[in-house]
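Heads up: the structure comes next, in structure tokens.
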Amino acid sequence: MYFDKVRKIQTNYTQISEQNLIKKISSGLERYGKVDVKRERASEERERISNMLHYNLEGRLSGRKSNRVIVDKKRDQWSQSVLQMHKRQSEQVRQRNMSITEMVNIKKTYDTLKRDDQLINYQDIIREYRNDLTKVKIKHYNLSKSNERSRLALEKLQVQQRASEMRKKTEMFENLWSQTLLPRNRLGDVQLKNELKEPQGNFLTKAKELSLKILGKPMPAAKTAAEEEGSEVAEEV
């Protein structure tokens, strides 16, 4: 009887233990199944999120890539435009420098020709001035010679006229002078009479001395034939 109870208790305990174990196993299986479902859901969610992220990243990268392509294209266009502008500016500068060089060379040539022309004109002016000055000198020389000849002829004529007047006076008043003139003048009258009676050469010498006393300067000497011929040649030139 006792053993039956014990066996029954053991059986009940075993049943209870088995039931508990089954419950535990079933609960564990349920929990494992839930975990597995959650794992699957998590993996699906993770895959969805990764796909979404991948799509977003691809969209972002494609957008950035397209933007970068556009930016690079614009930059290349800008670089090409800047390069073309620099080439155009360098060509303009080169042409301007060439034109400036040509202008400088033309200006140098013009200045050289102008200076040469001015020098030639200056030389022509100096030559004409010297020729004119030579002509003026010759003209003044001829005029001075003609004036000198006229002056000498006039002085000679005046001396001859005065000598003729004195000769006439001495002839007219020869007897009266010896009576009326003072003794201090008789010696001068006698000398004048003797001079008038001297030959032509002595007369010219005395005429020079007389012109020195009257005019204050000596009478110039008469010209020779060679001097007169030289003056005539100068007048012809």
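Counting from 0, one number per residue, gives the positions in the sequence shown under numbering that gives the first Met the number 0.
C-beta atoms are modelled at their ideal positions from N, C-alpha and C, and glycine is treated no differently.
These figures come from a predicted structure and were not determined experimentally.
{"query": "Exposed or buried, what is residue 81 when buried is set at 16 or more other beta-carbons lying within 10 Å of its beta-carbon?", "result": "exposed"}
{"query": "Should residue 135 go down as buried or exposed, given a rule of 16 or more other Cβ atoms within 10 Å for buried?", "result": "exposed"}
{"query": "Return the CA-CA distance between residue 105 and residue 95, expressed in angstroms with no decimal places.", "result": "15 angstroms"}
{"query": "Applying the criterion that 16 or more other CB atoms from any shown protein chain within 10 Å of the CB defines a buried residue, is residue 158 buried or exposed?", "result": "buried"}
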